[in-house]
Amino acid sequence: MSAKRVLIVGGGSAGWSAAAYLNAALNRDGERTAEIALLESPDAPRIGVGEATIPNINHILSVIGIDEREFMTTVDATFKQSIRYVNWLENRGEFYHHPFSRYRRSPVDNSSRDWLMSDRSIPFMETVSVQPMICELGLAPKALNGASFGEPLVYAFHMNALRFADYLCEHSKERGVTHYLDHMVDVEMADNGHIAAVVTQTGLRIEADLFIDSTGFSALLIEKKLGVGFTDCSQWLMCDRATTMHVPYEHHYPGYVRPYTSATALSAGWVWEIPLQNARSLGYVHSSAFIDDEQADRELRLFEGSHADGLPARIVQFRVGLRQKAWAGNCIAIGLAGGFIEPLESTGLYLSHLASVMLAEHFPYDGDMAALAMRFNRIMANRYYEILDFINMHYCLTRRTDTPFWREVQRPERITDRLKAKLEYWRTKPPSRSDFEDQFFPGFPDCPLASGGLPGDHRSPVDTAGLWGHESYEAILYGMNWLDAECAEWFGASRPPTRVSRHLVDKLGSAPRMLPPHDAWLKHAVGMAAYARA
Ligand SMILES: Cc1cc2nc3c(=O)[nH]c(=O)nc-3n(C[C@H](O)[C@H](O)[C@H](O)COP(=O)(O)OP(=O)(O)OC[C@H]3O[C@@H](n4cnc5c(N)ncnc54)[C@H](O)[C@@H]3O)c2cc1C
61 MSAKRVLIVG
71 GGSAGWSAAA
81 YLNAALNRDG
91 ERTAEIALLE
101 SPDAPRIGVG
111 EATIPNINHI
121 LSVIGIDERE
131 FMTTVDATFK
141 QSIRYVNWLE
151 NRGEFYHHPF
161 SRYRRSPVDN
171 SSRDWLMSDR
181 SIPFMETVSV
191 QPMICELGLA
201 PKALNGASFG
211 EPLVYAFHMN
221 ALRFADYLCE
231 HSKERGVTHY
241 LDHMVDVEMA
251 DNGHIAAVVT
261 QTGLRIEADL
271 FIDSTGFSAL
281 LIEKKLGVGF
291 TDCSQWLMCD
301 RATTMHVPYE
311 HHYPGYVRPY
321 TSATALSAGW
331 VWEIPLQNAR
341 SLGYVHSSAF
351 IDDEQADREL
361 RLFEGSHADG
371 LPARIVQFRV
381 GLRQKAWAGN
391 CIAIGLAGGF
401 IEPLESTGLY
411 LSHLASVMLA
421 EHFPYDGDMA
431 ALAMRFNRIM
441 ANRYYEILDF
451 INMHYCLTRR
461 TDTPFWREVQ
471 RPERITDRLK
481 AKLEYWRTKP
491 PSRSDFEDQF
501 FPGFPDCPLA
511 SGGLPGDHRS
521 PVDTAGLWGH
531 ESYEAILYGM
541 NWLDAECAEW
551 FGASRPPTRV
561 SRHLVDKLGS
571 APRMLPPHDA
581 WLKHAVGMAA
591 YARA
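Set out below in structure tokens:
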């Protein structure tokens with residue numbers, strides 16, 4: 061069987077991740093299943109703002125065959141162990157963590173039930189994970205000498221996404237991926253409705269069996285050529301812009317590198333703070349219906365303080381939602397062309413990586429691709445809806461009433477029906493693994509998903525917990541102090557003090573001895589430069 065020709069159009073982090081992953085996953089042990097080429101425009105800019113990842117990145121790097129330390133050095137990466145949410149509940153300086161690791165009690169894990177019945181004097185996540193405190197102490201997730209901390213502290217990375225794309229480009233070219241630096245100007249169709257070839261500015265005509273649309277928000281193949289629609293999700297996620305800025309450490313080094321992402325709620329959205337090895341990336345994700353560009357710029361600078369003076373800011377517009385069919389005919393949208401959910405839980409790169417993994421798994425042997433496309437589309441759509449619910453929950457549990465934006469996001473029509481059903485059910489018991497087993501909750505709406513038009517496919521999008529299970533839901537629910545009034549009523553005024561297990565206390569006690577400060581690890585292991593504290 062001859063290798064299938066795959067042409068990826070677009071050289072952002074989605075396009076190059078797809079090239080590197082598919083090349084590694086499909087062409088193994090001397091077998092060539094796919095001839096991979098990537099066409100990227102020297103003129104159309106890449107997005108390059110997304111810099112926080114989630115732990116699935118480790119799987120991607122390992123399949124591609126990338127050494128962690130070399131990767132960290134090349135893309136200015138730092139460790140990410142959690143997201144720290146500030147001012148989401150009441151705007152009084154309160155915060156909570158959504159860390160990547162959590163302990164489970166054995167043989168039955170009643171941690172959340174116990175916490176709900178206690179006086180809640182210790183935040184929930186600190187009773188089940190050492191990672192919030194390890195983050196607050198500013199420690200790396202692993203020792204310099206490789207000594208084990210016991211259970212691994214799961215981590216992801218903050219990184220420079222443009223450098224990541226450049227790094228994957230070099231890596232892929234060395235392993236046989238063809239690179240065209242040229243601007244696509246036309247798309248030729250075959251009689252069967254599939255794409256036959258693309259034509260470039262310099263007159264090149266490139267044929268392929270499969271075309272991957274990684275042209276970002278412009279979605280040149282899937283939308284502009286094939287006319288596949290977009291399901292808009294702005295009813296539930298109202299932010300549509302980000303004002304972004306980099307604060308180089310040469311300009312202002314706070315004296316530490318946080319091992320987590322911060323997401324601080326402002327008047328009409330929230331600001332990310334992402335520490336790299338040479339700078340901090342900031343981005344005020346906001347809703348243009350509630351604040352204009354100038355006000356957002358002012359608020360971001362006020363948040364950062366006087367050292368933001370004179371630093372340039374950039375505005376990035378986005379729309380939240382998903383492609384109605386990410387795979388149509390012989391075209392598969394990967395990356396922003398396939399959809400985008402705002403970056404509160406850093407899911408942009410994850411979704412493009414998932415699409416690459418799913419494409420490798422559903423890679424056609426030959427001929428008819430309709431069944432593969434239908435399954436691929438269903439899996440991708442499910443995951444988008446799962447992410448939509450989860451991000452939606454961060455907003456709708458707020459008790460802030462200080463600005464029109466925060467009053468709006470908690471209105472019932474801003475909460476997805478699926479999330480409403482989950483929250484209603486979890487009033488009866490804490491979330492648990494089995495809730496996701498048959499993927500259906502009482503009260504779920506019947507909303508058919510157009511996932512390929514096969515007869516019999518009338519199921520709602522389902523929550524497979526493929527990305528976030530009950531433990532992540534609990535981090536947000538209890539971080540937002542959900543059901544506190546109800547628990548006081550159910551369990552009475554004199555509830556027992558919250559307990560933390562001996563195991564956790566001991567682990568935490570040993571952490572400062574075993575784990576170095578994050579910046580010390582970065583300097584020692586991956587050559588981060590030394591900066592003078594501001
Ligand atoms: C505000 C914001 C914050 C984000 N934060 C995060 C985050 O923290 N974590 C995360 O994981 N993700 C985040 N993301 C998502 C992340 O940025 C994207 O998933 C990632 O950059 C992939 O983008 P892309 O490659 O699909 O598109 P792009 O980076 O836009 O690349 C498009 C490519 O298409 C090429 N192209 C366009 N037209 C043509 C043409 N005619 N011919 C040839 N080539 C063409 C361009 O040259 C470019 O190479 C964020 C996104 C936004 C908008």
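Numbering of the sequence shown is given in the numbering used here, commencing with residue 61 and proceeding in unit increments.
By construction, the Cβ of each residue, glycine as well, lies at the ideal position given by its N, Cα and C atoms.
Keep in mind that this is a model prediction, so the values were computed, not measured.
Classify residue i as helix, strand or coil using the three-state DSSP reduction.
i, result
"N377", "Correcting the residue identity first, residue 377 is Gln in this sequence and not Asn. Looking at Q377 - three-state DSSP - the assignment turns out to be strand."
"W330", "strand"
"D353", "helix"
"S406", "coil"
"Y240", "strand"
"H218", "strand"
"P335", "strand"
"C391", "strand"
"S278", "helix"
"A80", "helix"
"I439", "helix"
"S208", "coil"
"S511", "Model confidence at S511 stands at a pLDDT of 48, short of 50, so the residue's coordinates are unreliable and nothing is read from them."
"H312", "coil"
"H346", "strand"
"T93", "coil"
"R463", "A small fix is needed here, since residue 463 is Thr in this sequence, not Arg. If DSSP states are grouped into helix, strand and coil, T463 belongs with coil."
"E111", "coil"
"S62", "coil"
"F496", "helix"
"L414", "helix"
"M177", "helix"
"T260", "strand"
How should residue i be labelled, buried or exposed, when 16 other C-beta atoms within 10 angstroms of its C-beta is the threshold for buried?
i, result
"G370", "exposed"
"W550", "exposed"
"H119", "exposed"
"D273", "buried"
"I447", "buried"
"R460", "buried"
"E230", "exposed"
"M588", "buried"
"K489", "exposed"
"Q261", "exposed"
"Q337", "buried"
"V560", "exposed"
"N220", "buried"
"V8", "An answer regarding residue 8 cannot be provided, because it is not within the stretch 61 to 594 covered by the chain."
"P159", "buried"
"D292", "exposed"
Might you give, ordered along the chain, the residues of its own chain that have their beta carbon closer than 6 angstroms to the beta carbon of residue i, omitting 5 neighbours on each side?
i, result
"M193", "L568"
"G289", "Q384"
"L176", "C547"
"L326", "E359"
"I68", "G75, A78, A79, L98, I272 and S274"
Return the chain-ordered list of same chain residues with a C-beta closer than 7 angstroms to the C-beta of residue i, the five sequence neighbours on each side being excluded.
i, result
"F350", "A328, P464 and F465"
"H422", "L432, R435 and F436"
"T458", "W148, L149, W466, V469 and Q470"
"I375", "R301, T303 and D353"
"E484", "G503"
"T476", "W296, L448, D449 and N452"
Identify, in the order they occur along the chain, each residue of the same chain with its Cβ nearer than 8 angstroms to the Cβ of residue i, setting aside the five sequence neighbours on each side.
i, result
"V155", "One detail in the question is off: residue 155 reads as Phe in this sequence, not Val. Closer than 8 angstroms at Cβ, skipping near neighbours: R144, Y145, V146 and N147."
"R265", "E248, A257, V258 and V259"
"L297", "V380, I401, E402, L448, I451, N452 and Y455"
"H563", "Y163"
"H367", "V307, H311, H312 and A594"
"Y591", "Y309, E310 and Y313"
Exercise for the section: Would you list, in sequence order, the uninterrupted beta strand (DSSP E) runs of no fewer than 3 residues that lie entirely inside the stretch 115 to 174? Expected result: Secondary structure remark: continuous beta strand (DSSP E) runs of at least 3 residues inside the stretch 115 to 174, in chain order: 138 to 140, 142 to 146 and 155 to 159.
Exercise for the section: Taking 8 angstroms as the threshold, find out whether the stretch 551 to 568 comes into contact with the stretch 302 to 319 through three or more Cβ pairs. Expected result: The stretch 551 to 568 vs the stretch 302 to 319: no contact.
Practice task
Just list the alpha helix (DSSP H) runs in the stretch 524 to 551, keeping only unbroken ones of 4 residues or longer that don't cross its boundaries, in chain order.
Solution key: With a minimum length of 4 residues, the continuous alpha helix (DSSP H) runs that stay inside the stretch 524 to 551 are 530 to 539 and 544 to 551.
Practice task
Count the CB pairs spanning the stretch 574 to 594 and the stretch 188 to 204 that are closer than 8 angstroms, and state whether there are at least three.
Solution key: These segments touch.
Exercise for the section: Would you check if there are 3 or more beta carbon pairs closer than 8 angstroms linking the stretch 278 to 297 to the stretch 388 to 398? Expected result: Yes, the stretch 278 to 297 is in contact with the stretch 388 to 398.
Problem - Segment contact flag, the stretch 167 to 182 with the stretch 351 to 362, C-beta cutoff 8 angstroms, min 3 pairs - result: As far as the Cβ criterion goes, the stretch 167 to 182 does not touch the stretch 351 to 362, which means the pair count is below three.
Practice task
For the stretch 309 to 323 and the stretch 138 to 146, state whether three or more C-beta atom pairs, one from each stretch, are separated by less than 8 angstroms.
Solution key: Three or more Cβ pairs drawn from the stretch 309 to 323 and the stretch 138 to 146 lie within less than 8 angstroms of each other, which places the two stretches in contact.
Problem - Segment contact, 8 angstroms Cβ cut-off, at least three pairs: the stretch 124 to 132 with the stretch 483 to 497 - result: No: fewer than three Cβ pairs fall under 8 angstroms.
Handout entry: Inter-stretch contact at 8 angstroms, needing at least 3 Cβ pairs: the stretch 404 to 416 / the stretch 105 to 117
Key = Output reads yes: the stretch 105 to 117 touches the stretch 404 to 416.
Exercise for the section: Decide if the stretch 98 to 110 is in contact with the stretch 307 to 314; the criterion is three or more beta carbon pairs, one per stretch, under 8 angstroms apart. Expected result: Judged by Cβ distances under 8 angstroms, the stretch 98 to 110 makes no contact with the stretch 307 to 314, as fewer than three pairs qualify.
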